[in-house]
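**Student:**
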Amino acid sequence: MSSRVVKSAVAQLLAADPVVLGNPDPRDGRPEPAQEALQVAERLRRLAAEELEAARRQAAEVLVKAQAEARDLVEVARREIERERQAAHQKAWEEGFQEGREEGLRKAQAEYEERMKRLEALRLEVEAERKRLAEVTEAHVAEVAVAVAQRVVRGLVEVDRSFVHVVAEEAVASLLPAEDVVVRVYPGDVDKLDAGRLGYGDGGVKIVADARLRPGDVVVSSSGGEIDARVDTALEEAAALIRARARQAG
Numbered sequence: 001m002s003s004r005v006v007k008s009a010v011a012q013l014l015a016a017d018p019v020v021l022g023n024p025d026p027r028d029g030r031p032e033p034a035q036e037a038l039q040v041a042e043r044l045r046r047l048a049a050e051e052l053e054a055a056r057r058q059a060a061e062v063l064v065k066a067q068a069e070a071r072d073l074v075e076v077a078r079r080e081i082e083r084e085r086q087a088a089h090q091k092a093w094e095e096g097f098q099e100g101r102e103e104g105l106r107k108a109q110a111e112y113e114e115r116m117k118r119l120e121a122l123r124l125e126v127e128a129e130r131k132r133l134a135e136v137t138e139a140h141v142a143e144v145a146v147a148v149a150q151r152v153v154r155g156l157v158e159v160d161r162s163f164v165h166v167v168a169e170e171a172v173a174s175l176l177p178a179e180d181v182v183v184r185v186y187p188g189d190v191d192k193l194d195a196g197r198l199g200y201g202d203g204g205v206k207i208v209a210d211a212r213l214r215p216g217d218v219v220v221s222s223s224g225g226e227i228d229a230r231v232d233t234a235l236e237e238a239a240a241l242i243r244a245r246a247r248q249a250g
């Protein structure tokens, strides 16, 4: 629930009309706060996309290199075993005249089969290493995606403090028409909220400052339950989803 509320709030802010959010004063030539916030958020989004793409390219390069090295290793081993097999076969053929050609060939075949077993074991080892590297690179990309998401959301909270009102409105709407609705926020965010607007004018919403919360955090409780819309809670849920998808892809 908290992840859905925060994501919905972020989407509203990023898609909002600056005029609706900003209410600019025509006498003031400075950029309106909402417009400036959207510009910063856009820069954060572009930076996030660039970092994530760079991480994916790096992961792909590591995986391609590992696969090439594995193929080279298997090919070298195969050639070496084939060379030894031919040498053993030649030796057995030569010894066959002295010890019996049939016995010599049996020895050569046994040695060849032993070397083929070693080659198969090597192939399995290389395949296991390739899989491990793939999992490592997928995990790396997932962690970069998590870090990027955290930076974008935290950056948006810092540059546009109206974010907290959008989150609170979404959370309260999810609980209405429950009674005794209490909205707890970071003390510095109290002045960003309007209890009348949150409660749709019925006066049933109480706003409380909570020093335990961080900027942008919202926790709404009522007779109908509680919604934890803290930013970190939403980010933790998103991170868990990203990591789970990375494990499935691996």
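Letter by letter, the sequence shown follows residues 1 to 250 of UniProt numbering. Beta carbons: idealized from backbone N, C-alpha and C, even for Gly.
1) Name the one or two DSSP bridge partners that I81 has.
2) Mind checking R79: buried by the 16 CB within 10 Å criterion, or exposed?
3) Is D217 helix, strand or coil by DSSP?
4) Rounded to the nearest angstrom, what separates P26 and K65 at their Cα positions?
5) For the alpha helix (DSSP H) containing V166, name the first residue and the last one.
6) In the DSSP output, which residue or residues are listed as bridge partners for A209?
7) For V205, which residues in the same chain have their Cβ closer than 7 Å to its Cβ, ignoring the five residues on either side in sequence?
8) To the nearest angstrom, report how far apart R115 and A68 are at their CA atoms.
9) Buried or exposed: which applies to A222, given that a residue is buried once 16 or more other Cβ atoms fall within 10 Å of its Cβ?
10) Is DSSP giving E226 helix, strand or coil here?
11) When burial is assigned at 16 or more other CB atoms within 10 Å of the CB, is R118 buried or exposed?
12) Starting from the Cα of R214, find the closest Cα among E237, R123, E226, R230 and give me that residue.
13) Leaving out the 5 sequence neighbours to the left and right, which residues in its chain are closer than 6 Å to A209 when beta-carbon positions are compared?
14) For the candidate residues D217, A128, D232, whose alpha-carbon lies nearest to that of E169?
15) Less than 8 Å between the beta carbons of D228 and V219, yes or no?
16) Assign A178 to one of three DSSP states: helix, strand, or coil.
17) What do you reckon, are the CB atoms on G225 and L175 nearer than 8 Å?
18) Just verifying my parser: in three-state terms, what is the DSSP assignment at D232?
19) What three-state label does DSSP hand D191 in the structure shown?
20) Distance check for A121 and A128, CA to CA, integer angstroms please.
**Tutor:** With the given structure in hand:
1) BP columns for I81 are empty, so no partner.
2) exposed
3) coil
4) Low local confidence applies: a pLDDT of 44 at P26 is under 50, so the model's placement there is unreliable, and no value is given.
5) 163-175
6) V185
7) V172, V181, V183, A195, L198, G199
8) 23 Å
9) At residue 222 the sequence reads Ser, which differs from the Ala that was named. Buried is the call here.
10) strand
11) exposed
12) R230
13) P187, V190
14) D217
15) yes
16) coil
17) yes
18) helix
19) helix
20) 11 Å
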